[in-house]
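Student: I'd like to ask some things about the structure below.
There are 2 protein chains.
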Amino acid sequence: MQGWESIRAEVLSRIQTRLWPPGGLIPSEEALALEFGCARATVNRALRELALQGVLERKRKAGTRVAALPIRKATLDITVIRHDIASRGQSYSFHVLSQGLSHPPLMVAARLGLPERILMIHLQTLHLADGKPYLVEDRWLNPAILPDPSPDFTRQSANEWLVANVAYTTGDIAFSAEPANLAEAAALNVPPGTALFITERATFAGDHPITWVRLSHRPGYRLQTVL
Amino acid sequence: MQGWESIRAEVLSRIQTRLWPPGGLIPSEEALALEFGCARATVNRALRELALQGVLERKRKAGTRVAALPIRKATLDITVIRHDIASRGQSYSFHVLSQGLSHPPLMVAARLGLPERILMIHLQTLHLADGKPYLVEDRWLNPAILPDPSPDFTRQSANEWLVANVAYTTGDIAFSAEPANLAEAAALNVPPGTALFITERATFAGDHPITWVRLSHRPGYRLQTVL
DNA sequence: GAGTGGTCTAGACCACCAA
DNA sequence: TGGTGGTCTAGACCACTCC
């Protein structure tokens with residue numbers, strides 16, 4: 007093995023064997039470049055990667071330390087719902103439950119930084135995998151970002167229209183567990199109060215609020231990833 | 007603004023304005039380096055970053071394309087429980103509910119790739135924030151990795167002993183929502199069936215199984231991050 | 001075969017910040 | 001104020017893969 011990956015592996019190995027203990031200072035990039043017989047840029051690439059991963063902590067002048075309490079970073083892939091279902095080999099379909107213009111709940115307006123009294127597009131959509139309920143989408147859209155006339159969300163889901171037509175740059179996402187309310191229970195065909203996995207996301211293009219969405223997943227849903 | 011970050015910003019801007027549409031090919035690194043008046047390595051750094059983020063798709067010879075269906079990557083920080091609580095300004099404490107040697111459930115053994123009939127250390131711990139139940143930890147430990155005599159997990163939590171003494175390299179993590187079982191309900195002081203946010207994690211050092219743990223969070227827990 | 005991204009080099013300048 | 005990481009350059013070779 008060669009290249010910066012071999013250096014990353016060697017550094018990780020020295021950390022695991024406690025040759026470089028947690029909290030300890032490791033040699034400078036220059037020293038390591040000399041030891042490994044490579045350019046400093048190559049060492050930099052390896053150490054930068056490990057710092058991103060949370061294994062190392064780097065500061066100018068202070069040097070590079072092994073993280074005392076490593077903060078592992080897990081990465082989750084946020085995909086289009088259709089892809090999520092299709093990649094499991096199931097057929098995808100969706101059904102718009104309701105659609106209209108109304109005032110958003112206080113929480114939604116607050117999350118998007120919009121006045122409470124604004125009128126937003128409210129969409130409730132059921133997504134199905136192999137014809138069975140997969141998740142309920144409760145979405146509030148900022149009408150200011152839509153073209154005139156507004157797209158037909160019964161043909162192309164709002165989810166996909168947005169990724170195709172609004173290249174968003176920022177947002178935040180939250181996961182939680184909540185009991186199914188009456189609407190969710192009816193849509194997913196489960197008893198009210200059933201534990202549901204909830205994804206909530208607010209999306210902005212720059213400072214411009216785009217949409218807020220809440221996804222209520224069917225029971226048994228798992229969000230998985232590797233560390 | 008200068009440097010590779012300005013190039014990343016410019017590329018992002020061209021994507022958002024549809025100058026470079028989704029699925030479209032963008033100029034080669036060499037061409038962009040010429041246009042921006044910088045070295046190819048600088049362009050490479052910017053494009054590589056965007057590819058990691060899921061905005062671009064890169065292939066040798068084929069060139070660089072704007073991702074047609076962008077797969078956004080959310081990163082979650084996996085911390086030590088004590089830190090999680092302390093960073094919210096609350097005081098941390100924990101209490102071992104039960105401790106012993108027994109045969110793991112089939113699912114735990116399977117996840118770790120261990121035979122079902124092996125004896126593992128089984129620990130149930132309640133973690134508290136400001137003296138109130140915060141989460142229940144249900145952990146199975148591979149005894150093979152423990153020193154003799156075994157550490158006293160009533161003094162230092164298994165969670166922290168592991169990060170301090172076993173530098174693990176791999177693992178997987180899953181999030182779900184489940185109704186509280188009787189033990190969880192009693193520990194967290196909530197009615198059975200309450201929707202709980204569950205984190206399950208399997209940890210390995212190389213191919214060597216270390217531990218499997220299930221964290222049942224108190225109601226209202228949210229896992230949040232920015233995109 | 002040829003064009004692209006992936007990586008490496010040797011050198012350089014700079015920003016930061018602990019001593 | 002000196003040492004460290006952060007970044008950039010100009011050039012080079014290679015691996016991959018589409019044509």
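Respectively, the protein sequence lines represent chains P and R. Take 7 as the starting number for the first sequence in the working numbering and just add one per residue. Take 7 as the starting number for the second sequence in the working numbering and just add one per residue. Don't be surprised by glycine CBs; every beta carbon is placed ideally from N, CA and C. All of these numbers come straight from a predicted model, not from anything done at the bench.
(1) Quick one: does residue 197 of chain R have its CB under 8 Å from some CB of chain P?
(2) Fully enclosed by the region 10 to 44 of chain P, which alpha helix (DSSP H) runs are 4 residues long or longer?
(3) Note down, in chain order, every chain R residue with its Cβ under 9 Å from the Cβ of residue 67 of chain P.
(4) Assess, as a yes-or-no matter, whether the region 113 to 128 of chain P is touched by the region 60 to 78 of chain P under the definition of 3 or more beta carbon pairs within less than 8 Å.
(5) Quick one: using the 10 Å Cβ neighbour count with 16 as the cut-off for buried, is residue 215 of chain P buried or exposed?
(6) Less than 8 Å between the CB atoms is what I'm expecting for residue 64 of chain P and residue 74 of chain P, so what's the real figure, rounded?
(7) Inspect the beta-carbon positions of residue 235 of chain R and residue 45 of chain P and report whether they are closer than 8 Å.
(8) Short of 9 Å Cβ to Cβ, which residues in the region 18 to 38 of chain P face chain R?
(9) Just to confirm the assignment: which complete beta strand (DSSP E) runs, minimum length 3, are found wholly within the region 187 to 224 of chain R?
(10) At a Cβ cut of 8 Å, what residues of the region 73 to 96 of chain R count as close to chain P, listed as they run along the chain?
(11) Whole angstroms are fine: how far does the CA of residue 206 of chain R sit from the CA of residue 228 of chain P?
(12) Buried or exposed: which applies to residue 5 of chain P, given that a residue is buried once 16 or more other Cβ atoms fall within 10 Å of its Cβ?
(13) In the DSSP assignment, find the alpha helix (DSSP H) that holds residue 122 of chain R and state where it starts and stops.
(14) Excluding the 5 residues preceding and the 5 following residue 117 of chain P in the sequence, name in chain order all residues of the same chain whose CB lies nearer than 7 Å to its CB.
(15) How about residue 233 of chain R and residue 200 of chain P: do their beta carbons lie closer than 8 Å?
(16) Establish whether the CB of residue 11 of chain R and some CB of chain P are separated by less than 8 Å.
(17) What's the gap between the Cα of residue 92 of chain P and the Cα of residue 142 of chain P?
(18) If we call anything under 8 Å between Cβ atoms a contact, is residue 35 of chain R one with residue 86 of chain R?
Tutor: On the basis of the supplied data:
(1) no
(2) 10 to 22, 35 to 42
(3) The premise fails here: residue 67 of chain P is roughly 20 Å from chain R at the closest Cβ pair, so nothing lies under 9 Å.
(4) no
(5) buried
(6) Rounded, the Cβ-Cβ distance is 14 Å, inconsistent with contact.
(7) The structure shown does not extend to residue 235 of chain R, since chain R is modelled only from 7 to 233, so the question has no answer here.
(8) 18, 21, 22, 23, 24, 28
(9) 201 to 211, 214 to 223
(10) 75, 76, 77, 78, 79, 80, 81, 82, 83, 84, 85, 86, 89
(11) 10 Å
(12) Examination of residue 5 of chain P is not possible in this model, given that chain P is present from 7 through 233 alone.
(13) Unbroken run through residue 122 of chain R: none, as it is neither H nor E.
(14) 208, 218
(15) no
(16) no
(17) 17 Å
(18) no
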